[in-house]
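For what it's worth, the working numbering labels the leading residue of the sequence shown as 52, then goes sequentially. Where a beta carbon is used, it is the ideal one built from N, C-alpha and C, also for glycine. Just so we're clear, the structure is a prediction, and the values are computed from it rather than from any experiment. Notes follow once the structure below has been shown.
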Amino acid sequence: MAIRSATDVFSEWATKNKDEGMERGHAASVKAMLELAFPNLPTPYTAVDLGCGNGWVCRLLEQREECRHVVGVDGSEVMIEKAQTLGQGEFHLARLPEWRPEATFDFLHSMEFLYYLEDPAAMLKMIHAEWLNEGGFMVAGVDHYLENEDSHGWPEALDVHMTLLSEAQWKQAMIDAGFSDVGIQRVAAKDDFVGTLVMFGKKDSN
Ligand SMILES: C[S@@+](CC[C@H](N)C(=O)[O-])C[C@H]1O[C@@H](n2cnc3c(N)ncnc32)[C@H](O)[C@@H]1O
């Protein structure tokens, strides 16, 4: 069977309102990721969410006084249609890594997106070089990683490409991309879930 594009699969999910379950399922991890990020952001800040789905994290950030502007980017038509219906924010229907932003940001967030790419390490390099302001901060979470054995069957189950990296490989990819103060930790572990692997780092000012 041919491998399906992740964005087609997530458009189907959005049509069936499965984005709402995903939002609930990711909420605890995203909360922990934002708590990690907030002390590292300037005031005010601009933000972007890569692989934003229905835009729920953008809407969370919009409510914060210190967030001046937030942009969501996703390659799924139905997800972006939903995002545009649910709020007034700026959303772009765009395939990554090909699409580039017109402006750079103080904060880049991404939840459960990076491993759908053929080369997530190259995306991290692009984020550092082309998406972030000097002094900017990025945080990303992934649930499909080597140490989470329960996630290994997901590519076959969904018939979608996913890049499987270990904790150490994600950390090295962040360092190789040029980030400083790189951290990696698991958040929101519960029962038999080993937790979302969260990577974060800063783009130094020159
Ligand atoms: C698992 S969902 C996560 C959505 C959202 N971050 C959340 O937590 O609810 C992954 C999202 O990444 C998007 N995506 C996957 N590959 C993409 C690509 N190459 N370019 C743009 N978006 C992509 C999908 O369309 C989908 O909305």
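Report the start-end ranges of each beta strand (DSSP E) in the stretch 222-251 that is 3 residues or longer and not cut off at the edges. 231-238
Any heavy atom of ligand 1 within a distance shorter than 7 Å of the CB on glycine 246? What you label residue 246 is simply residue 195 of the sequence shown in a count that begins at 1. Because no heavy atom of ligand 1 lies under 7 Å away, the Cβ of glycine 246 does not count as near it: no.
Note the first and the last residue of the continuous alpha helix (DSSP H) segment covering alanine 208. Working through the sequence shown from its first residue, we reach residue 208 at position 157. Alanine 208 -> alpha helix (DSSP H) spans 205-209.
Using only the heavy atoms of ligand 1, determine whether one of them is closer than 7 Å to the beta carbon of methionine 73. Residue mapping note: residue 73 aligns to position 22 of the sequence shown, counting from 1. Checking every heavy atom of ligand 1 against the Cβ of methionine 73, one is found closer than 7 Å.
Have a look at the DSSP bridge pairing and note the partners of cysteine 118. Taking the first residue of the sequence shown as 1, we reach residue 118 at position 67. DSSP output for cysteine 118 lists Tyr96 as bridge partner(s).
Beta-carbon separation of glycine 106 and phenylalanine 142 under 8 Å? As a working note, residue 106 is residue 55 in the sequence shown. As a working note, residue 142 is residue 91 in the sequence shown. It is a contact, given that the beta carbons lie within the stated cut-off.
Got a sec? Which residues, its chain only, sit under 6 Å from serine 256 by beta carbon, not counting five neighbours each side? For this step, residue 256 is matched to residue 205 along the sequence shown. So the list reads Glu185 and Gly186, once near-sequence residues are dropped.
Smallest Cα separation from threonine 94: which of Glu116, Leu215 and Arg146? Within the sequence shown, residue 94 is the residue found at index 43, counting from 1. Of the listed residues, the one whose Cα sits closest to threonine 94 is Glu116.
Whole angstroms is fine: what's the gap from tyrosine 96's alpha carbon to glutamine 139's? Against the sequence shown, residue 96 aligns to sequence position 45. Against the sequence shown, residue 139 aligns to sequence position 88. So the alpha carbons of these two residues sit roughly 18 Å apart.
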